[in-house]
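J.: Heads up: the sequence shown at position 103 corresponds to 103 in the UniProt record's numbering, and the numbers run straight through without jumps.
Virtual Cβ for every residue (Gly too), placed ideally from N, Cα, C.
This one's a predicted model, so the numbers in the text were calculated from it and none came from an experiment.
Attaching a single structure in structure tokens format; questions to follow.
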Amino acid sequence: MRGHCSPSHERAPSAPLPGREGPGVGRLPQIRTVVPRADQPTPNPSLPGRGAVAAACALALAACTTAGPNYALPESAAVNIPSAQGKFDSGHEKAFVDTPLPDHWWQLYGDPRLDGFVTEALAANTDLRAADANLRRADAVVAEVAAGRTLSTVLGGGTSLDRPYTTGGNLPGTFDYNLGITLAYPLDLSGRIRRGIEAAQGDAEAVAAARDNVRVTVAAETARSYAAACTANMVLAANTRILTLQRQTLNVTQRLQLGGRGTAFDVTRARTAVDQSEALIPSQVATRTAALYRLATLMGRAPADYPKDVATCAKPPALNRPLPIGDGSALIRRRPDIRGAERSLAAATARIGVATANLYPQVSLGGSAGFTGPVSSLGSTNAFHLGLGPLISWSFPNRPVVRAQIAQAGAAADQALAQFDSTTLEALRQTETALSAYAREGDRNAALRRAQSSAARAADQAGTLYRFGRTDFLSLLTAQAALTTAQANLAASDALLVDRQVDVFKALGGGWQT
């Protein structure tokens, strides 16, 4: 005969934001009580099969009853806000397209070196190794909790010397022994173990999401460090060109002074400009070295073992096309931190059931068998003992304590829901901010590129006029200073633009997929 039961809630591993049917989070759960129908005969305790009937009824109860609320994603959750599911506020910018973000976004740059660095970092990064170990520990916790619903076996044995003492002297002693086995199978009538397994699975899935979030960070920071090292080389090259031009100006000024057409003041000002440009180089070299060391560490290497070819790369990887960003719903499905917060909410909801189950007795089917008696009776049927029956544990007088524990679990679930909403809103804020910052830096970069081109023409014209005596040295120095500033600003913007690209990809949550 098949009965109708409230379905046991099973969760697909790592399912992003799965919906569940049942009461909402934070509501005190109700326990379903199974009542026999009137047309069902009550088992006669005197019948020989009463133990089997009782066991069958108990197993039916275990299959049909689970304490606490079944997890359901609350309709009021921030992930269900319509504006969170649609297009990004900055998505209309010409710098973006709403096509899906590729899993391995760094391959958009078409740079084999970058691809290799990210691959190595994802395989050897120390933070990822720690995250993998933490995930293995969480999986072991799930296995430990799940083992609580299996048959437990205890084997025991011992011997003792029994020698009575009397006033008339010692009587001969006898050796007694005790050998036996005890079995117990938890019926889990209230679903305490099942809810515990759900909670442990939710925790493990949250840990898996945290591991994936580390992968996102490692991929993004590896690309950022590689780009920073190449950008430092680009800035160094720009400053070297400026320094070369300033040294040429210094030489011309010195020759003009010797020829009587220049002054010592002009030479001093030219030398000052050279010294100022030379002073910038050490800090730029230090910036490049720091980026190389950071790249090596991300790849699981010692700092001195950084990739030597990166030390000479001429320019950072560039993506001169609109960035694929998808939409809000894709972001919510992809971001590991959102998934982890949702899994923590599911685990907290399951713990309401764990606490609620303590209102009801814990029942196990137990049995024991063995031999007890003098050693001389070893193996005798008279020494054999057998016991069968249910084992009941119930802290009935402590119901106020259990009610308080249920309230604590409900508050923890409310906190997890608030954290889930906060994580979702923060992810959306980070993404919108990154998109806006990248779009505006693109506009700034285009303007700076035009300014640099104009400054270069002005400096070239001023140099020609100065050599032919058509303008004074101050005009030349002013034009060169404007070019220096324009080139420095453009180089800094180029570096920042690549950095903003990485911010966008990191905020979108790509890179954790294997």
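Where Gln513 and Leu155 are concerned, what is the direct C-alpha to C-alpha distance, given to the nearest angstrom?
T.: Working through the sequence shown from its first residue, we reach residue 513 at position 513. Working through the sequence shown from its first residue, we reach residue 155 at position 155. When rounded, the distance between both Cα atoms is 47 Å.
J.: In angstroms with no decimal places, state the Cα-to-Cα distance between Ala411 and Val402.
T.: The count along the sequence shown starts at 1 and reaches residue 411 at position 411. The count along the sequence shown starts at 1 and reaches residue 402 at position 402. The straight-line gap from Cα to Cα measures roughly 14 Å.
J.: Could you tell me which of Ser493, Pro82, Ser90 and Ala121 sits nearest to Tyr306, measuring between CA atoms?
T.: For the purposes of this step, residue 306 is taken as the residue at position 306 of the sequence shown. Residue Ala121 is the option with its Cα nearest to Tyr306.
J.: With a threshold of 8 Å, are at least 3 pairs of Cβ atoms found where one atom belongs to the region 341–355 and the other to the region 195–213?
T.: Yes: the two stretches touch, three or more of their Cβ pairs being nearer than 8 Å.
J.: Here's a check: name, in chain order, each residue in its chain whose Cβ is nearer than 7 Å to the Cβ of Arg335, leaving out the five neighbours to either side.
T.: Within the sequence shown, the letter at position 335 stands for residue 335. Contacts found: Ala427 and Gly509.
J.: Cβ of Ala434 within 9 Å of Cβ of Val504?
T.: On the sequence shown, position 434 is the one that residue 434 refers to. On the sequence shown, position 504 is the one that residue 504 refers to. It is a contact, given that the beta carbons lie within the stated cut-off.
J.: Just the Cα atoms here: how many angstroms apart are Thr431 and Gln487?
T.: Here the question's residue 431 lines up with position 431 in the sequence shown. Here the question's residue 487 lines up with position 487 in the sequence shown. So the alpha carbons of these two residues sit roughly 30 Å apart.
J.: Decide if Ser453 is buried, meaning its Cβ has at least 16 other Cβ atoms within 10 Å, or exposed.
T.: Residue 453 sits at position 453 when you count from the first residue of the sequence shown. Classification for Ser453: exposed.
J.: Out of curiosity, what's the CA-to-CA distance linking Arg399 and Thr356?
T.: For the purposes of this step, residue 399 is taken as the residue at position 399 of the sequence shown. For the purposes of this step, residue 356 is taken as the residue at position 356 of the sequence shown. The alpha-carbon atoms of Arg399 and Thr356 are separated by roughly 10 Å.
J.: Give me, in chain order, the residues of the same chain whose beta-carbon lies closer than 7 Å to that of Ser225; leave out the 5 immediate sequence neighbours on both sides.
T.: Taking the sequence shown and counting its residues from 1, one reaches residue 225 at position 225. The residues are Ala291, Arg294, Leu295 and Leu298.
J.: Going by other Cβ atoms of all chains shown within 10 Å of its Cβ, with 16 needed for buried, is Ser277 buried or exposed?
T.: Residue numbering aside, residue 277 sits at position 277 when the sequence shown is read from its first letter. So Ser277 counts as buried.
J.: Give the single residue among Cys230, Ile325, Gly328 and Trp394 whose Cα lies nearest to the Cα of residue 517.
T.: Residue 517 falls outside the range modelled here, since the chain spans only 1 to 514, and no answer is possible.
J.: How would you write the range of the beta strand (DSSP E) that Gly373 sits in, first residue to last?
T.: On the sequence shown, position 373 is the one that residue 373 refers to. Where Gly373 is concerned, the enclosing beta strand (DSSP E) stretches over Gln362 to Pro374.
J.: Return helix, strand or coil for Ala184, following the three-state DSSP convention.
T.: Along the sequence shown, read from residue 1 onward, the residue named residue 184 stands at position 184. Residue state, collapsed to three classes: strand.
J.: For Asp212, which residues in the same chain have their Cβ closer than 7 Å to its Cβ, ignoring the five residues on either side in sequence?
T.: For the purposes of this step, residue 212 is taken as residue 212 along the sequence shown, with counting starting at 1. Only Pro336 and Trp512 meet the Cβ criterion.
J.: Does Leu391 come out as helix, strand or coil in the three-state DSSP assignment?
T.: Sequence index remark: in the sequence shown, residue 391 carries index 391 (1-based). Reduced to three states, the DSSP call for Leu391 is strand.
J.: Hey, how far is the Cα of Ala95 from the Cα of Arg470?
T.: Here residue 95 refers to the residue found at position 95 of the sequence shown. Here residue 470 refers to the residue found at position 470 of the sequence shown. Answer to the nearest angstrom: the Cα atoms are 45 Å apart.
J.: With a threshold of 16 other CB atoms inside 10 Å of the CB of Arg27, please say whether the residue is buried or exposed.
T.: Indexing the sequence shown from 1 puts residue 27 at position 27. With a pLDDT of 33 at Arg27, under the threshold of 50, the modelled position of this residue cannot be trusted; read the value that follows with caution. Exposed: under 16 other Cβ atoms inside 10 Å.
J.: Helix, strand or coil for Phe468, going by three-state DSSP, please let me know.
T.: Counting from 1 along the sequence shown, the entry for residue 468 is found at position 468. Three-state result, Phe468: coil.
J.: According to DSSP, which residues form a beta bridge with Pro324?
T.: Here residue 324 refers to the residue found at position 324 when the sequence shown is read from its first residue. Partner(s): Val97.
J.: Quick one: grab the DSSP three-state call for Asp162.
T.: Along the sequence shown, one-based indexing puts residue 162 at 162. DSSP places Asp162 in strand when its eight states are reduced to three.
J.: Opposite Thr153 in the DSSP bridges: which residues?
T.: Counting from 1 along the sequence shown, the entry for residue 153 is found at position 153. Beta-bridge pairing links Thr153 to Leu183.
J.: If you compare alpha carbons, which of Leu183, Val498 and Gly86 is closest to Gly367?
T.: Position 367 of the sequence shown holds residue 367. It is Leu183.
J.: When the Cβ atoms of the region 248–261 are set against those of the region 197–204, are three or more pairs found closer than 8 Å?
T.: Result no; under three Cβ-Cβ pairs closer than 8 Å.
J.: Quick check on Val502: buried or exposed, where buried means 16 or more other Cβ atoms within 10 Å of its Cβ?
T.: Here the question's residue 502 lines up with position 502 in the sequence shown. Burial call: buried.
J.: Got a sec? Which residues, its chain only, sit under 6 Å from Val142 by beta carbon, not counting five neighbours each side?
T.: Within the sequence shown, numbered from 1, the residue matching residue 142 stands at position 142. For Val142, where only same-chain residues beyond five positions count, the Cβ hits under 6 Å are Ala200, Gln201 and Ala204.
J.: Whose C-beta lies closer than 6 Å to the C-beta of Val375 among residues of the same chain, with five residues either side of it excluded?
T.: Taking the first residue of the sequence shown as position 1, residue 375 is located at position 375. Same-chain partners within the cutoff: Phe175 and Tyr177.
J.: Do the CB positions of Leu483 and Thr249 come within less than 9 Å of each other?
T.: Numbered from its first residue, the sequence shown carries residue 483 at position 483. Numbered from its first residue, the sequence shown carries residue 249 at position 249. Not a contact, by the Cβ cut-off of 9 Å.
J.: Express the C-alpha separation of Gly353 and Ala228 in angstroms, rounding to a whole number.
T.: For the purposes of this step, residue 228 is identified with residue 228 of the sequence shown, where counting begins at 1. For the purposes of this step, residue 353 is identified with residue 353 of the sequence shown, where counting begins at 1. Near 51 Å, if we compare the C-alpha coordinates of Gly353 and Ala228.
J.: Alpha carbon to alpha carbon, what distance is there between Leu497 and Phe473?
T.: Taking the first residue of the sequence shown as 1, we reach residue 473 at position 473. Taking the first residue of the sequence shown as 1, we reach residue 497 at position 497. Cα to Cα, Phe473 sits roughly 36 Å from Leu497.
J.: With DSSP as the reference, label Phe175 as helix, strand or coil.
T.: Position 175 of the sequence shown, counting from 1, holds the residue named residue 175. Of the three classes helix, strand and coil, the one that applies to Phe175 here is strand, per DSSP.
J.: Quick one: residues in its chain with C-beta nearer than 7 Å to the C-beta of Gly49, no 5 flanking neighbours on either side, listed in chain order?
T.: Here residue 49 is taken as the residue at index 49 of the sequence shown, counted from 1. Residue confidence is low: Gly49 scores 46 on pLDDT, short of 50, so the model does not pin down where it sits. Its coordinate-derived value is still stated next. None.
J.: In angstroms with no decimal places, state the Cα-to-Cα distance between Leu114 and Glu198.
T.: Here residue 114 refers to the residue found at position 114 when the sequence shown is read from its first residue. Here residue 198 refers to the residue found at position 198 when the sequence shown is read from its first residue. Going from the Cα of Leu114 to the Cα of Glu198 covers about 41 Å.
J.: In chain order, which alpha helix (DSSP H) runs of at least 4 residues are fully inside the region 251–289?
T.: Listed in chain order, there is nothing to give.
J.: Hey, how far is the Cα of Ile392 from the Cα of Val79?
T.: Translated into positions along the sequence shown, residue 392 becomes position 392. Translated into positions along the sequence shown, residue 79 becomes position 79. Approximately 44 Å between the Cα atoms of the pair.
J.: Compute the distance between the beta-carbons of Asn285 and Leu236, then report whether it is under 9 Å.
T.: One-based indexing of the sequence shown puts residue 285 at position 285. One-based indexing of the sequence shown puts residue 236 at position 236. The amino acid occupying residue 285 in the given sequence is Val; Asn does not appear at that position. It is a contact, given that the beta carbons lie within the stated cut-off.
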